[in-house]
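For the sequence shown, our numbering assigns the number 296 to the initial residue and increments by one for each residue that follows. The next block holds one structure in the form of structure tokens; read it before the comments.
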Amino acid sequence: MHIKVINPNTTLSMTAKIEGCARAVAGPGTLVEAVSPRMGPASIESHYDEALSVPGLLEEIALGEAAGVDGYVIACFGDPGLQAARELASGPVLGIAEAAMHAASFLGRGFSVVTTLGRTAGRARDLAEQYGMSRFCRGVHACEIAVLDLETDPAAREVITEACRAALERDGSDAIVLGCAGMADLCGSVSAEIGAPVVDGVAAATVLVQSLVTLGLRTGPRGEFARPLPKAYTGLLAGFGTAG
Ligand code: 5HY
């Protein structure tokens, strides 16, 4: 099978990291392809960034459909464009926040999310509510490291580890959810340091999409997630018309 992992930001070094983490958990018969869109923000850490990441993401879904992709991961913790992507894709589409929260809900009575900037915490809480995970999500905490600084700040690993340790203590949680695809490579070391399960949404989503494809399951194609109705799109979006 072919799983396309889309990093909605345009930072290719982060896409490469994401690809490595997804490939590490994919089965031998699964081709994992990670991409960034040709247009979009360098990182996503505001509502504005998130909105502007969606056209490029949807273009990658359309390209994937033409290439026969079996399932998709949206590798950004805001799960941008998830519902729209489900209208375009013939296979399952998961966001990393959705996948990580569901995986963490199997690990105890509650989890804590550790994300990047505090301004993104509200989005994480909104997603927990939207996914029916509020009863499990005991807190959302920011390490106040910007997304792109995760790759350059030598203190990032330590700061994130201590933020995870503090979150567990403060919330009385059983597990941690890493709130950024850019933290995916820290999962194992943080878990070993704090002595608790740490869920990386990239790996969780990859395995869950692989499982859904194996089961022959996909988004229901009738009603809300049917293909978009044919219509004109103008200006920069002129190429986004669909055949319905
Ligand atoms: C992410 N932003 O996973 C989110 C994390 C965040 O560019 N990739 C990004 O801070 O919301």
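We put the CB at the ideal spot given by N, CA and C, even for glycine. In this text the structure is predicted, and so the values were computed from the model without any measurement.
Counted within 10 angstroms of its Cβ, other Cβ atoms place residue i as buried (16 or more) or exposed
i: K526; result: exposed
i: D365; result: buried
i: A346; result: exposed
i: Y343; result: exposed
i: D495; result: buried
i: M334; result: exposed
i: S400; result: buried
i: L389; result: buried
i: E464; result: exposed
i: P593; result: Given a span of 296 to 539 for the chain in the structure shown, any question on residue 593 remains unanswerable.
i: S308; result: exposed
i: T292; result: The structure shown does not extend to residue 292, since the chain spans only 296 to 539, so no value can be given for it.
i: Q378; result: exposed
i: E314; result: buried
i: E453; result: exposed
i: A311; result: exposed
Beta-ladder partner(s) of residue i, from DSSP
i: V472; result: V408 and V494
i: L524; result: DSSP lists no partner for L524.
i: L347; result: Paired residues: none, contrary to the question.
i: S326; result: Note on identity: in this sequence residue 326 is Leu, with Ser being the wrong assignment. The partner list for L326 (beta bridge, DSSP) reads H297.
i: V368; result: V300 and L389
i: H436; result: V409
Whole-Å CB distance - residue i paired with residue j, under 8 angstroms assumed
i: D466; j: G405; result: 7 angstroms
i: A357; j: F372; result: No, A357 and F372 are not in contact; Cβ-Cβ is about 23 angstroms, not under 8 angstroms.
i: A419; j: G477; result: 15 angstroms between Cβ atoms; not a contact.
i: V368; j: A423; result: Actually they do not touch by this definition, with Cβ atoms about 19 angstroms apart.
i: V409; j: I455; result: 7 angstroms
i: P303; j: P375; result: 5 angstroms
i: R381; j: T501; result: So it is not a contact: roughly 17 angstroms between Cβ atoms.
i: A384; j: E354; result: No, A384 and E354 are not in contact; Cβ-Cβ is about 13 angstroms, not under 8 angstroms.
i: R430; j: E340; result: Going by Cβ atoms, the distance from R430 to E340 rounds to 27 angstroms, so no, they are not a contact pair.
i: A437; j: D444; result: Not quite, the Cβ-Cβ distance comes to about 13 angstroms (not below 8 angstroms), so this is no contact.
Practice task
Let me know the alpha helix (DSSP H) ranges lying completely inside the segment 439–466, each 4 residues or longer, listed in chain order.
Solution key: Segments of the alpha helix (DSSP H) lying fully in the segment 439–466: 451–466.
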